[in-house]
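Take a look at the structure set out below.
Number of protein chains: 2
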Amino acid sequence: MEPPAGPFFPARHGSQRYVCYCGAEPGAAFNAYVTNASEVWSTDFNQEKLERHMAQSGISEDYSTKFREAFEHRTAALTVHNGRATLELKEDAWSLTFDLFKLPSSEARMRLQALMFGLMGCVSSLEKRLEAAEGAAAAAAAVCRSEKNQP
Amino acid sequence: MEPPAGPFFPARHGSQRYVCYCGAEPGAAFNAYVTNASEVWSTDFNQEKLERHMAQSGISEDYSTKFREAFEHRTAALTVHNGRATLELKEDAWSLTFDLFKLPSSEARMRLQALMFGLMGCVSSLEKRLEAAEGAAAAAAAVCRSEKNQP
Numbered sequence: 035m036e037p038p039a040g041p042f043f044p045a046r047h048g049s050q051r052y053v054c055y056c057g058a059e060p061g062a063a064f065n066a067y068v069t070n071a072s073e074v075w076s077t078d079f080n081q082e083k084l085e086r087h088m089a090q091s092g093i094s095e096d097y098s099t100k101f102r103e104a105f106e107h108r109t110a111a112l113t114v115h116n117g118r119a120t121l122e123l124k125e126d127a128w129s130l131t132f133d134l135f136k137l138p139s140s141e142a143r144m145r146l147q148a149l150m151f152g153l154m155g156c157v158s159s160l161e162k163r164l165e166a167a168e169g170a171a172a173a174a175a176a177v178c179r180s181e182k183n184q185p
Numbered sequence: 035m036e037p038p039a040g041p042f043f044p045a046r047h048g049s050q051r052y053v054c055y056c057g058a059e060p061g062a063a064f065n066a067y068v069t070n071a072s073e074v075w076s077t078d079f080n081q082e083k084l085e086r087h088m089a090q091s092g093i094s095e096d097y098s099t100k101f102r103e104a105f106e107h108r109t110a111a112l113t114v115h116n117g118r119a120t121l122e123l124k125e126d127a128w129s130l131t132f133d134l135f136k137l138p139s140s141e142a143r144m145r146l147q148a149l150m151f152g153l154m155g156c157v158s159s160l161e162k163r164l165e166a167a168e169g170a171a172a173a174a175a176a177v178c179r180s181e182k183n184q185p
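Just so you know, the sequences run in chain order S and P. Following my numbering, the numbering of the first sequence begins with 35 at its first residue and continues without gaps. Following my numbering, the numbering of the second sequence begins with 35 at its first residue and continues without gaps.
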């Protein structure tokens, strides 16, 4: 199982904290996942179920983009009731509701492992980008100084 | 349980991937943890055991610094055999060996939850630093341009 690339979004239901993310799988172009690091809920889409959901929602754009948009705009709401989780993404112009089902523990275990390494990959890639950005800022400042000092 | 602040280091033993990190606990100033996102191994130090370990190793410096140093220099080696893990940190000037013990599943579950939120916190803090660094680079370039355009 490939580690998910993120982005990973924090969410709450009551006092409980969760992580939400989505991914493309061999079986479906989009699935959403919610986890408390012990249990994992999934939309459990195959391509047929996903296309039926898209036909019903009337949204033909990539769900991953919508998912990200709603979390970035803080318009995503999560409810979790033991076996079932519901994720509602509500923007002004559109809304999407996903039912998520608790995965069996063996699959949850694999997903959590993939998630942990996905998060590690995300940290590593951000560290590299930060190093590059700090290097670029220092280099730009040095060029600026040397140009100013030229007659 | 407070989420660990990191840094988090990837490690391998054979084909298996692990994450290693350390933390200060109310019971001891240092403990090291190793996990495959399902099982968790810990040095299980209380302050007394930690001090005994430090007396034996002859290293009185903060173990967290040594831990980080060895992982950053890629001089840390991990071996895992079911119930037991061993972490060897070997620099030219010093070396440290830690025995880690598999935590009971209830504690492992809490540690994994704390780790996931620790990784999420790390991602969020890196994203903020990256945004600030990119902003600083753009601002420096703008100042440089405006100074050059002044007669």
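Glycine residues also receive a C-beta, built at the ideal position from the N, C-alpha and C atoms.
Review point. What is the C-beta distance between Phe43(S) and Tyr55(S), in whole angstroms, given that I count them as a contact (C-beta under 8 Å)?
Key: So it is a contact: roughly 7 Å between Cβ atoms.
Practice item. Check the Cβ of Lys162(S) against every Cβ in chain P and list those closer than 8 Å, keeping chain order. Key: The contact set of Lys162(S) on chain P, defined by CB atoms closer than 8 Å, is empty, because the minimum CB distance reaches about 10 Å.
Check your understanding: Do Ala66(P) and Gln81(P) come within 9 Å of each other at the CB atom, strictly closer than that value?
Key -> No; because the gap between Cβ atoms is not below 9 Å, this pair is not in contact.
Exercise for review: Check the C-beta distance from Leu160(P) over to Glu161(S) and give it rounded, since I have them as a contact under 8 Å.
Suggested key: Contact flag correct, Cβ pair sits at about 6 Å.
Check your understanding: So which residues of chain P does Ser72(S) contact, with C-beta pairs closer than 8 Å?
Key -> Under the 8 Å cutoff, chain P gives Arg143, Leu146, Gln147.
**Study point:** Contacts of Met106(S) in chain P (Cβ-Cβ under 7 Å)
**Key:** A small fix is needed here, since residue 106(S) is Glu in this sequence, not Met. Residues of chain P with a Cβ closer than 7 Å to the Cβ of Glu106(S) do not exist; the shortest Cβ-Cβ separation is about 12 Å.
Review point. Which one of Glu103(S), Thr113(S), Val53(S) has the shortest CA to CA distance from Lys124(S)?
Key: The option with the nearest alpha carbon to Lys124(S) is Glu103(S).
Practice item. Please determine if the segment 95-112 of chain S and the segment 165-182 of chain S are in contact, where contact requires at least 3 C-beta pairs separated by less than 8 Å. Key: Judged by Cβ distances under 8 Å, the segment 95-112 of chain S makes no contact with the segment 165-182 of chain S, as fewer than three pairs qualify.
Check your understanding: Helix, strand or coil for Ala166(S) per DSSP?
Key -> Three-state DSSP puts Ala166(S) in a helix.
**Study point:** Cutoff 6 Å; reference Cys156(S); Cβ partners in own chain excluding five residues on either side
**Key:** Non-local C-beta neighbours of Cys156(S) in its own chain, meaning closer than 6 Å and more than five positions away in sequence, comprise Gly40, ordered along the chain.
**Study point:** Whole-Å CB distance - Arg145(S) paired with Leu137(S), under 8 Å assumed
**Key:** Rounded to the nearest angstrom, the Cβ distance from Arg145(S) to Leu137(S) is 6 Å, consistent with a contact under 8 Å.
Review point. With C-beta atoms as the reference, is Arg51(S) less than 9 Å away from Phe151(P)?
Key: Against a cut-off of 9 Å, the Cβ pair of Phe151(P) and Arg51(S) comes out as a contact.
Point to revise | Chain-ordered neighbours of Phe151(P) on chain S, where CB pairs are closer than 7 Å | key: Arg51, listed in chain order.
Review point. Which residue from Arg163(S), Ser94(S), Arg143(S) puts its Cα closest to that of Leu130(S)?
Key: Proximity to Leu130(S) across Arg163(S), Ser94(S), Arg143(S) peaks at Ser94(S), based on C-alpha coordinates.
Point to revise | Supposed close pair Leu112(P), Val68(P) - CB separation, criterion 8 Å | key: Sure, about 6 Å apart at Cβ, within 8 Å.
Review point. Skipping 5 residues on each side, what residues in its chain have a beta carbon closer than 6 Å to that of Val114(P)?
Key: Here the set comprises His47.
Exercise for review: Measure from the alpha carbon of Ala58(P) to the alpha carbon of each residue in Ala142(P), Ala71(P), Ser76(P), then state which is nearest.
Suggested key: Distance from the Cα of Ala58(P) is smallest, within the candidate group Ala142(P), Ala71(P), Ser76(P), for Ser76(P).
**Study point:** Partner residues on chain P for Cys54(S), Cβ-Cβ distance less than 7 Å
**Key:** Ordered by position in chain P, no residue passes the 7 Å Cβ test against Cys54(S), which lies about 11 Å from the chain.
Exercise for review: Examine chain S for any beta-carbon lying closer than 9 Å to the beta-carbon of Pro60(P), and answer yes or no.
Suggested key: Not a single C-beta of chain S is nearer than 9 Å to the C-beta of Pro60(P).
**Study point:** Beta-carbon spacing of Pro38(P), Leu149(P) below 9 Å
**Key:** Cβ atoms of Pro38(P) and Leu149(P): closer than 9 Å.
Practice item. Count the other C-beta atoms from every protein chain shown that fall within 10 angstroms of the C-beta of Asn183(S), then say buried if there are 16 or more, exposed otherwise. Key: Exposed, by the Cβ-count rule.
Check your understanding: Under three-state DSSP, which class holds Ala39(P)?
Key -> In the three-state DSSP reduction, Ala39(P) falls in the coil class, being neither helix nor strand.
Check your understanding: Does DSSP put Phe79(P) in a helix, in a strand, or in coil?
Key -> The answer is coil: DSSP assigns Phe79(P) none of H, G, I, E or B.
Point to revise | Per-residue contacts from Ala110(S) into chain P (C-beta, under 8 Å) | key: Within chain P, no residue comes near Ala110(S); the closest Cβ sits about 15 Å away, beyond 8 Å.
Check your understanding: Interface residues of chain S around Met154(P) at Cβ under 8 Å?
Key -> Correct list: Phe42, Pro44, Val53, Leu153.
Check your understanding: Using Cβ-Cβ distances below 8 Å, what residues of the segment 125-137 of chain P are close to chain S?
Key -> Taking 8 Å as the Cβ-Cβ cut-off against chain S, none of the residues of the segment 125-137 of chain P qualify.
**Study point:** Nearest candidate by alpha-carbon position, reference Gly117(P), set Arg143(P), Ser139(P), Phe79(P), Asp96(P)
**Key:** For Gly117(P), the nearest C-alpha among the options comes from Ser139(P).
Check your understanding: What residues from chain S crowd round Ala170(P), counting only those whose CB sits closer than 9 Å?
Key -> Here the neighbours are Ala167, Glu168, Ala171.
Practice item. Could I get the ranges of all uninterrupted beta strand (DSSP E) runs contained in the segment 89-165 of chain S, with 3 residues as the minimum, in chain order? Key: Uninterrupted beta strand (DSSP E) stretches at least 3 residues long and entirely within the segment 89-165 of chain S occur at 110-115, 118-124, 129-136, given in chain order.
Practice item. Output yes if chain P places a C-beta closer than 9 Å to the C-beta of Thr113(S); else output no. Key: Closer than 9 Å: no.
Check your understanding: In whole angstroms, what separates the C-alpha of Ala89(S) from that of Ala166(S)?
Key -> If I take the Cα positions, the gap works out to 43 Å.
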